[in-house]
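Under mature numbering (1 follows the signal peptide of the UniProt record, and there is no 0), residues -25 to -1, 1 to 283 are what the sequence shown spells out, in order. The C-beta atom is built at its ideal place from N, Cα and C for all residues, glycine as well. Below is one structure, written out as structure tokens, with a few remarks after it.
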Amino acid sequence: MRPALPSVVTATAAALVTLAFPATAAAAEAINGPIHFGSSSVINPDGTDERRIPERDTHTYYSDFLSFSPDGENTLYVTYETPEPDSMTMLAIDNPEYTAPTTLVTSGELDASYIGNASWSPDGEWIAFRFADSSGSHEMGMIRPDGTDLTVLTVPSHLDSHSVSWLPDSSGIVYTRSPAFAENYLCTITITTDSSDCVDLPGGQEWFFDRAQVSPDGTTVLLTSQIDVDPELGSTYDLMHLNIDGTGMVNLTENETGDQTTDAVWSPDGTAIAFVRSNSLWTMDADGGNDTQLSTSYGNNIAWQPVF
């Protein structure tokens, strides 16, 4: 057992079996709403009506790791208490216009150096998030959207820093880990059994994988791969598409040496992917075709809003 963290209900994932998920009606099928990106930008999937959200502009030291609730009615993001480098980080929810922020948990409550990526479960019952403890080790936690039942999951060591993506049935969370040089794994933790199943990823010592994104139908995964290929031009970042069991990996971008494609997210209906290329916002079809630049504005921090 790990020692209890201050102000946190610690438990293994097995203990969560007692926290029953309420029955929910079958969700309507989502369509692809606007894409939110950068510090405060929004654009339609066809590249029209690019605009800024004034309320979000006022949050001068916020917003990383933006995502949406399954119904598209709430945003989830990490904000900072002050603009100072060592400021406490906070996981917060808000409406899509950013006028009613509510803090769920702070890095101080977790005795953490920071809180990172977060993701809402498809059934809307949980929010999974990443954080680094005071020693710098990457961990994973869960919390209800109302701020209750804060729980630290038991996961293997050497998690990569950004991956946290739910299976469509909300039974587990997919992440990547690199326990040693030239070792890369795609893992799924089942939250009711406290067990992680991992499969090998290819690539060897020149490859590193992060930012796992499970497709809406749960059959495939997007990964950002870092390939160290040139000491002068630096690393190349590509988007990889593979089956959930780790097989069938395909490079969707095949960048030139030193080029970078990152921060990929699925469209709500699973037919398209939004991503960052050369610091601007792009989309492409799920098979990697029809890549299109939507905006020249700084394109990080992408979240694709579902609409019903």
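Query	Result
Uninterrupted beta strand (DSSP E) stretches inside the segment 161 to 243 (no shorter than 3 residues)	170 to 175, 182 to 189, 195 to 205, 209 to 218, 236 to 241
Through-space distance from Ser171 to Ser210, alpha-carbon basis	30 Å
Beta-carbon proximity of Ser138 to Ala107, cut-off 8 Å	no
Which of helix, strand or coil DSSP assigns to Pro9	strand
8 Å Cβ shell around Ser109 - same chain, five flanking residues per side excluded	Asp86, Ala87, Ser88
Beta carbon of Leu214 nearer than 8 Å to that of Phe250	yes
Local Cβ density within 10 Å of Ala(-3), reported as buried at 16 or more and exposed below that	Annotation note: pLDDT 37 at Ala(-3) (below 50); position unreliable, coordinate value reported separately. Exposed.
Cβ separation of Asn54 and Ala67, assumed to be a contact under 8 Å, to the nearest whole Å	Correcting the residue type first, residue 54 is Thr in the shown sequence and not Asn. Right, the Cβ-Cβ distance comes to about 5 Å (below 8 Å), so this counts as a contact.
Proximal residues to Ile202 (C-beta, below 7 Å), its chain only, five neighbours per side dropped	Glu181, Trp182, Ser210, Thr211, Asp213
Candidates Asn275, Leu217, Thr81: closest to Ile118 by CA position	Thr81
DSSP-derived helix/strand/coil call for Pro29	helix
Closest by C-alpha distance to Gly274, when choosing among Gly264, Thr236, Gly245	Thr236
8 Å CB neighbourhood of Ala(-1) in its chain, flanking five on each side removed	Per-residue confidence for Ala(-1) stands at a pLDDT of 36, beneath the threshold of 50, marking its modelled position as unreliable; the derived number appears in the next sentence. Result list for Ala(-1): empty, nothing under 8 Å.
Range of the contiguous beta strand (DSSP E) that encloses Met115	113 to 118
Gly83 versus Arg105: straight-line alpha-carbon distance, rounded	14 Å
Arg26 burial status per 10 Å Cβ neighbour count (16 or more: buried)	exposed
Beta strand (DSSP E) segment containing Leu66, residue limits	64 to 69
For Asp108: DSSP bridge partner residues	Ala87
Residues that Glu280 bridges to, as DSSP identifies them	Note that residue 280 is Gln in the sequence shown, not Glu. Beta-bridge pairing links Gln280 to no other residue.
DSSP three-state assignment for Asn265, whether helix, strand or coil	coil
Selection from Gly147, Gly122, Ser14 that minimises the alpha carbon distance to Ile219	Gly147
Three-state secondary structure assigned by DSSP to Leu41	strand
Expected contact under 8 Å - CB spacing of Pro243 and Asn7 to nearest Å	6 Å
DSSP bridge partner residues for Gly147 (one or two, in chain order)	Thr165
Candidates Leu227, Arg152, Pro20: closest to Cys173 by CA position	Arg152
Status (buried if at least 16 other CB within 10 Å, exposed otherwise) for Asn92	buried
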